[in-house]
Amino acid sequence: VTYLFQVSLHGGQVLSWKTERGEELLFTSTKAIFTPPKPVRGGIPICFPQFGNRGTLEQHGFARNKIWVIDQNPPPLSTDSNGKACIDLLLKPS
1 VTYLFQVSLH GGQVLSWKTE RGEELLFTST KAIFTPPKPV RGGIPICFPQ
51 FGNRGTLEQH GFARNKIWVI DQNPPPLSTD SNGKACIDLL LKPS
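In UniProt numbering, the protein residues as written are 1 to 94.
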């Protein structure tokens, strides 16, 4: 089975997850327009270190409003990965 993912470096958020037939598996509203500094509404966001407005930080924490980078030296995949793919994103101090 083949899947296609789209990941935003703004917030490290998964925006799209499609099957090999092109069927979208995630909901992202048509009204969800990326306008920094706010993240896209929908998909799979990273909420860290808090969810909602339960703490003293901005809603859902700071991680979803930061720029993530692709790890250029990720750990190797295990030998039993069976064709699986992965991406390692890093959140570095700013």
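Virtual Cβ for every residue (Gly too), placed ideally from N, Cα, C.
Note that the coordinates shown come from a computational prediction; the quantities given were computed from them, not determined experimentally.
Proximal residues to residue i (C-beta, below 7 Å), its chain only, five neighbours per side dropped
i   : result
F5  : V14, S16 and W17
C47 : H60, G61 and R64
Beta-bridge partners of residue i, as assigned by DSSP
i           : result
V69         : L90
K18         : L4 and E24
residue 101 : Absent from the structure is residue 101, since the part of the chain shown begins at 1 and ends at 94.
G42         : T28
CB contact flag (residue i, residue j, <9 Å)
i   : j   : result
R21 : S29 : no
Cut-off 6 Å between Cβ atoms - residues of its own chain near residue i, not counting five sequence neighbours on either side
i          : result
residue 98 : The chain is shown only over 1 to 94; residue 98 falls outside these bounds and no answer can be derived.
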